[in-house]
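Step one of this worksheet: look at the structure below.
Protein chains in written order, with the working numbering: chain D, 9 to 383; chain V, 1028 to 1316; chain W, 35 to 187.
Below you can see the structure in the form of structure tokens.
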């Protein structure tokens, strides 16, 4: 792996280069007391000097006493916001005196349109795995989502290696971090001490190398590489949660009547926060809406959640009416069925569901409780 | 870590985008019973034929109203006409019920796994249909009848609520008139004047003329009926490897991307709707799966 | 008599009975033939027989004031018809009609009732067999009750 370093100021150059090369750059921004992802105009938009404190059902941002750019962990949003938008028009049909015109007749094939150029700036290792998991869902089956494909194939990814663990995350258990190993064009590690503020950058692809040419870099030294390694080890030690994945799929499959589900269902509000913040959840619904005159009918795809009562509705009623059934469905899907469906766990250990659950349900605790008394 | 597909080499070769419905024109809307109707369609544009396998379904779109999954109920040997039979129970089907010759429906499909009819070569074939469940089985019946010599005994057991709910009466009569098909119809209750069987469809199984050691059973109907039918088939000696059922769940995309139709770890839209009973028997008895 | 004995001995309902009990039952058996459309018994009448259907089709029905007779079950070859002879007040709960020409073996229930009172072993054997039939009918009826073919819109 080719490693280089560049000084803090060159971070701005990297963003400018991407913009000049036609990429829309999305990255972290501090807004409404949370670090979210949105379009960056330039490096000043980044959450410089901010950090966060996370725990069950708790999220606070806090000012640091330095100018670290990435010294926080994941917020309520994930990159699926861009690759798999919460609301997306799929097609429009028009009605006129000549009849109905269906877009399929015009042979519109979205995937033949040029791919969109999105740059994702500051993608953590767990998020890289989450993107790969959604790639498997949307691009790896018998039918492919052409909307996802168009955004994904043109995406440029600048990963960031975490230099501290979050309050709720557990990437080590899920083998998804903290260091980014692949799936990126460039991977940065921020090093900030009394003397210097710089980044070690690892090149992942030819395009990454090409973009980096516009940034003033020098070769990384042995010491730089060792510093990165230390940061990774220090981060791992800070991880405070764990999830034992050994034989977890079978344990969950056999535990459909485990008493733990009732206990957790009594707490769960079925609010669907966890599914919205989860970077791998992909359930969606479809709505057909017309304008008032009935001249145009749009099909809109929207995020949906297995926690809603009518998610499983078939003529006359829902299949999963109880909160127990719905919580069980979500967790069993995430940590068991997903393995049979897509070849890996659906969970990347980012901790968002724990942080953003209003009643603080912790998926690692649930897994522990079920494993303890499994049949 | 999940192995993501190789993005650089991803080339999708669609003749038609799976998210866009294709327009079909209604040739006929036929009312079968009080709440069930059949719509016959022909493709528009440069599509001349619609081929499918028995057991598959389409997503059927009514402009501005919505889209729902409906099993294909026509003859696969007649690809110029697409036939759907459905009950008028929701906003989309009620809208369809009022449509006329010349109106347009959007079709995406065919989707799903078919009835594995060629697995039944050389065996007896038993179809057990409950209510509207006869519609997804009808294409399989057509196909078996068209190649009758490949099979042993062919039996249809069909149960529905009352005589006025019996579907495809004329076809049932035609089939009954053949000497190489055994057609048994039963209803849950009837007015005096009905000369057929009265009783639940599972009652027909114990005396149906097939050899349980050499039989494939294709079962379609309400889930409760499929569970009890399987119990009776077991009593006759048919095992789970030789029983196939058609499952139903909420569907939005029909292409395995929206997550709605999951039943345990399988997606009913792409791993089903036809399943070998042994594959799903454990999930059928779990509540609220 | 020989003919009846053979038919009864082959029917699964009578399997496992010892020779003495079987002979008692054969002694109470006779052939009946009901023409198509004729009633076999009516609701409320004394129930003194049960029947083993040899051929034909029988409807079980209930008369309703505004809809006329409603058929709730049909029975055919091999089925056992009638258990009201076994329990007080020994009256029929339904109407039974022969839909087609029906041949049955009638067992004299009144006679068998007395024999069962004297020989409880015989009583138990018969009750066991009827319990089996009744539970199966109950399960079927419950499925019919569920009205599983969907709500009327």
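Ideal placement from N, C-alpha and C gives every residue a C-beta, glycine not left out.
(message) Please report the straight-line C-alpha distance between residue 1210/V and residue 379/D, rounded to a whole angstrom.
(response) Mapped onto the second chain, residue 1210/V falls at position 183. Mapped onto the first chain, residue 379/D falls at position 371. Going from the Cα of residue 1210/V to the Cα of residue 379/D covers about 52 Å.
(request) Would you mind working out which of 193/D, 108/D, 355/D and 383/D sits nearest residue 288/D, comparing C-alpha positions? (result) Working through the first chain from its first residue, we reach residue 288/D at position 280. Taking only the C-alpha atoms, the option nearest residue 288/D is 355/D.
(request) Could you round the C-beta distance between residue 187/D and residue 133/D to whole angstroms and report it? I think they count as a contact, below 8 Å. (result) On the first chain, position 179 is the one that residue 187/D refers to. On the first chain, position 125 is the one that residue 133/D refers to. Right, their Cβ atoms sit about 6 Å apart.
(message) For chain W, check one thing: does any of its Cβ atoms lie closer than 8 Å to the Cβ of residue 1331/V?
(response) Because chain V spans 1028 through 1316 in this model, residue 1331/V falls outside it and cannot be assessed.
(request) Could you work out which residue in 1183/V, 1244/V, 1286/V and 1230/V is closest to residue 1203/V when comparing CA atoms only? (result) Translated into positions along the second chain, residue 1203/V becomes position 176. Taking only the C-alpha atoms, the option nearest residue 1203/V is 1183/V.
(request) Measure the alpha-carbon distance for residue 61/W versus residue 164/W and round it to whole angstroms. (result) Residue numbering aside, residue 61/W sits at position 27 when the third chain is read from its first letter. Residue numbering aside, residue 164/W sits at position 130 when the third chain is read from its first letter. Roughly 19 Å between the two C-alpha positions.
(request) Quick one: which residues of the segment 267-282 of chain D get their C-beta closer than 9 Å to a C-beta of chain V? List them in chain order. (result) From the segment 267-282 of chain D, no residue has a Cβ closer than 9 Å to chain V.
(request) Kindly list the residues whose CB is nearer than 6 Å to the CB of residue 22/D, restricted to its own chain and excluding five residues on each side of it in sequence; keep chain order. (result) Counting from 1 along the first chain, the entry for residue 22/D is found at position 14. Only 223 meet the Cβ criterion.
(request) Return the chain-ordered list of same chain residues with a C-beta closer than 7 Å to the C-beta of residue 187/W, the five sequence neighbours on each side being excluded. (result) Here the question's residue 187/W lines up with position 153 in the third chain. With a pLDDT of 38 at residue 187/W, under the threshold of 50, the predicted position of this residue should be treated as unreliable, though the coordinate-derived value follows. Closer than 7 Å at Cβ, skipping near neighbours: no residue.
(request) Scan the segment 141-173 of chain W for residues whose Cβ lies nearer than 7 Å to a Cβ of chain V and list them as they occur along the chain. (result) When C-beta distances to chain V are compared with 7 Å, every residue of the segment 141-173 of chain W stays at or above that value.
(request) Can you tell me which of the three DSSP states residue 119/D falls into? (result) Counting from 1 along the first chain, the entry for residue 119/D is found at position 111. With a pLDDT of only 46 at residue 119/D, under the threshold of 50, the placement of this residue in the model should not be trusted; the figure read from the coordinates follows. In the three-state reduction of the DSSP assignment, residue 119/D falls in the helix class, which pools H, G and I.
(request) Go ahead and pull the three-state DSSP assignment for residue 1041/V. (result) As a working note, residue 1041/V is residue 14 in the second chain. Because residue 1041/V carries a pLDDT of 49, less than 50, the predicted location of this residue cannot be relied on, and no value is offered for it.
(request) Compute the Euclidean distance between the alpha carbons of residue 1028/V and residue 78/D, then round it to the nearest angstrom. (result) Taking the first residue of the second chain as 1, we reach residue 1028/V at position 1. Taking the first residue of the first chain as 1, we reach residue 78/D at position 70. Any answer about residue 1028/V is weak, because its pLDDT of 39 lies below 50 and its placement is not dependable; what the coordinates show is given next. So the alpha carbons of these two residues sit roughly 24 Å apart.
(message) Give me the residue from 1222/V, 1132/V and 1046/V with the minimum Cα distance to residue 1110/V.
(response) Here residue 1110/V is taken as the residue at index 83 of the second chain, counted from 1. Considering only 1222/V, 1132/V and 1046/V, the residue with the shortest C-alpha distance to residue 1110/V is 1132/V.
(request) Could you spell out the range, first to last residue, of the alpha helix (DSSP H) harbouring residue 336/D? (result) The residue labelled residue 336/D in the question sits at position 328 within the first chain. Per DSSP, residue 336/D is one residue of the alpha helix (DSSP H) stretching across 331-340.
(request) Could you give the DSSP three-state label for residue 128/W: helix, strand or coil? (result) For the purposes of this step, residue 128/W is identified with residue 94 of the third chain, where counting begins at 1. Three-state result, residue 128/W: coil.
(message) At a CB distance below 8 Å, what residues from the segment 91-110 of chain D approach chain V? Give them in sequence order.
(response) Listed in sequence order: 98, 99, 101, 103, 107, 108 and 110.
(message) For a test of the three-state rule: what should DSSP assign to residue 1178/V, helix, strand or coil?
(response) As a first step, residue 1178/V must be located in the second chain, where it is residue number 151. The answer is coil: DSSP assigns residue 1178/V none of H, G, I, E or B.
(request) Pair every Cβ in the segment 158-178 of chain D with every Cβ in the segment 338-346 of chain D, then say whether three or more of these pairs are closer than 8 Å. (result) No, they do not touch.
(request) Tell me, please, whether the CB atom of residue 180/W is closer than 8 Å to any CB atom in chain V? (result) For the purposes of this step, residue 180/W is taken as residue 146 along the third chain, with counting starting at 1. Cβ-Cβ to chain V under 8 Å: yes for residue 180/W.
(message) Please return the same chain residues whose Cβ sits closer than 6 Å to the Cβ of residue 84/W, not counting the five positions on each side in sequence.
(response) Translated into positions along the third chain, residue 84/W becomes position 50. Apart from the 5 residues on each side of it in sequence, residue 84/W sits with its Cβ closer than 6 Å to the Cβ of 116, 119, 141 and 143 in its chain, given in chain order.
(request) Express the C-alpha separation of residue 1260/V and residue 351/D in angstroms, rounding to a whole number. (result) Here residue 351/D corresponds to residue number 343 of the first chain, with the count starting at 1. Here residue 1260/V corresponds to residue number 233 of the second chain, with the count starting at 1. Cα to Cα, residue 351/D sits roughly 35 Å from residue 1260/V.
(message) Using a Cβ distance threshold of 8 Å, determine whether the segment 1078-1090 of chain V contacts the segment 1160-1179 of chain V, with at least three qualifying pairs required.
(response) Touching, yes.
(message) For a contact defined as C-beta to C-beta under 7 Å, what are the partners of residue 1255/V on chain W?
(response) The sequence position of residue 1255/V within the second chain is 228, counting from 1. Those within 7 Å of residue 1255/V in chain W are 177.
(request) Let me know if residue 1230/V comes out buried or exposed under the rule of 16 or more other beta-carbons within 10 Å of its beta-carbon. (result) For the purposes of this step, residue 1230/V is taken as the residue at position 203 of the second chain. Flag for residue 1230/V reads buried.
(message) What are the residues in the segment 100-124 of chain W lying within 9 Å of chain V by C-beta distance?
(response) Under the 9 Å Cβ criterion, the segment 100-124 of chain W contributes 101, 102, 103, 104, 105, 106, 107, 108, 109, 110, 111 and 112.
(message) Spatial neighbours of residue 167/W within its chain, please: C-beta separation below 6 Å, excluding the five flanking residues on both sides.
(response) As a working mapping, residue 167/W is identified with position 133 in the third chain. Leaving aside the five residues that flank residue 167/W on each side, the residues in its chain whose CB is nearer than 6 Å to its CB run, in chain order, 114.
(request) Please confirm whether residue 260/D and residue 343/D have their CB atoms less than 8 Å apart. (result) Position 252 of the first chain holds residue 260/D. Position 335 of the first chain holds residue 343/D. Yes, they are a contact pair.
(message) Does residue 39/D come out as helix, strand or coil in the three-state DSSP assignment?
(response) Counting from one through the first chain, the residue named residue 39/D turns up at place 31. Strand.
(message) How far does the alpha helix (DSSP H) with residue 158/W in it extend, from its first residue to its last?
(response) Here residue 158/W is taken as the residue at index 124 of the third chain, counted from 1. 154-180 is the extent of the alpha helix (DSSP H) around residue 158/W.
(message) Taking the straight line between their C-alpha atoms, what separation do you get for residue 171/W and residue 1249/V?
(response) In the third chain, counting from the first residue as 1, residue 171/W sits at position 137. In the second chain, counting from the first residue as 1, residue 1249/V sits at position 222. Cα to Cα, residue 171/W sits roughly 20 Å from residue 1249/V.
(message) Less than 8 Å between CB atoms is the rule here; does residue 126/D satisfy it with respect to chain V?
(response) Position 118 of the first chain, counted from the start, is the residue given in the question as residue 126/D. It does not: the Cβ of residue 126/D has no partner Cβ on chain V nearer than 8 Å.
(message) Please confirm whether residue 5/D has its beta-carbon closer than 8 Å to some beta-carbon of chain V.
(response) With chain D covering 9 to 383 only, the question about residue 5/D has no answer from this structure.
(message) So within the segment 61-130 of chain W, which uninterrupted beta strand (DSSP E) runs reach at least 3 residues, ignoring any that extend past its ends?
(response) Entirely contained in the segment 61-130 of chain W, the beta strand (DSSP E) runs reaching 3 residues are, in chain order, 63-68, 73-75, 83-89, 91-98 and 102-110.
(message) Quick test of the definition: if touching needs 3 or more C-beta pairs under 8 Å, does the segment 1257-1275 of chain V touch the segment 1292-1299 of chain V?
(response) They touch, by the three-pair rule.
(message) As a quick exercise: from 85/D, 11/D, 57/D and 221/D, pick the residue whose alpha carbon is nearest that of residue 35/D.
(response) Start at 1 with the first residue of the first chain, and residue 35/D comes out as number 27. That would be 85/D, whose Cα lies nearest to the Cα of residue 35/D.
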